[in-house]
Amino acid sequence: KNVHLVCALLRLFFRNLEEPLLTFYLYDVFISISKLDVNEDTRVEYLRHAVRLLPASNLLVLASLINLLSKAIVHEDLSKMSALNLAIVFAPSLLRPKVETIQILMADSEFANKSVETLIQHYHAIFNEQPQSQSLPSDLPENMAGYFTRAKETVLRESQAKLELNV
């Protein structure tokens, strides 16, 4: 009967994963997207591209979780759990760096929260719509394009390694 217990267990499950749902190699991508001084539509488009770099199983679980959280904010007047409040609760479990230091966590927590909050607020636009283009947005800042490129290379390497293990 206790909704808070279910939420705490769900958060704990994601926190105890060996690698976070949003993966170590995409950490810089999600943090950087939230640091950009861009309008909300642009941020949503960048996030739409970023989530598609996730392994298929991670994307499926993330979409289900964010769908659930997006439905929860409909009852914000009763629960007092806005998209930001849910992001504050879930972001540390979903998005964390490979090496966690107090300095990194303090510096990046606001941006991790912003990424997860935007995922929740724009669930349908991010998960149910395809990116406007399959190639990266041309207006990506240079350092962001580098993060995306390195993340894509990591995905390809890991996919290739998994294929070789299955052969």
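In the numbering used here, the protein residues as written are 89 to 255.
A virtual CB, placed ideally from N, CA and C, is assigned to each residue, including glycine.
In its own chain, which residues sit with a C-beta less than 7 Å from the C-beta of residue i, not counting the 5 before and 5 after it?
i	result
Ala138	Leu114, Val117, Phe118 and Ile121
His210	Val132
Asn127	none
What's the C-alpha gap between residue i and residue j?
i	j	result
Arg136	Ser170	21 Å
Leu174	Ala249	35 Å
Val187	Met194	13 Å
Thr237	Asn90	44 Å
Ser167	Asn104	26 Å
Gln191	Lys159	33 Å
Ser197	Ile176	8 Å
Lys123	Val243	23 Å
Ala151	Phe215	6 Å
Ala239	Asp125	22 Å
Asp165	Glu246	43 Å
Ser161	Leu148	In the sequence as presented, Ser is not what sits at residue 161; that position holds Ile. Those two C-alpha atoms are separated by around 20 Å.
Tyr258	Tyr134	Here the chain has residues from 89 to 255 only, and residue 258 is not among them.
His163	Arg140	29 Å
Glu106	Ala144	17 Å
His92	Asp129	32 Å
By Cβ distance below 8 Å, which residues in the same chain neighbour residue i in space, the five residues on each side in sequence not counted?
i	result
Leu217	According to the sequence displayed, residue 217 carries Glu and not Leu. Hits under 8 Å: Arg136.
Asn146	Leu109, Leu110 and Thr111
Ala213	Val132 and Arg136
Between the beta-carbon of residue i and the beta-carbon of residue j, is there less than 8 Å?
i	j	result
Arg131	Thr206	yes
Phe102	Leu172	no
Can you find the residues in the same chain that come closer than 6 Å, C-beta to C-beta, to residue i, ignoring five residues on each side of it along the sequence?
i	result
Arg184	Pro108
Ala179	Ala200, Asn201 and Val204
So which of the options has the shortest CA-CA distance to residue i?
i	options	result
Leu156	Glu246, Lys240, Tyr235 and Val94	Val94
Glu241	Leu142, Glu252, Glu128 and Leu97	Leu142
Ile208	Asp129, His92, Ala144 and Ile154	Ile154
If you measure from the CB of residue i, is any heavy atom of the ligand ATP nearer than 7 Å?
i	result
Met169	Among the components of this structure there are no ligands whatsoever, and the ligand ATP is therefore not found.
**Prompt:** At what residue ranges does the region 140-207 contain a whole run of the alpha helix (DSSP H), taking only runs of 4 or more?
**Reply:** The DSSP assignment places complete alpha helix (DSSP H) segments of no fewer than 4 residues inside the region 140-207 at 144-160, 164-167 and 171-182, in order along the chain.
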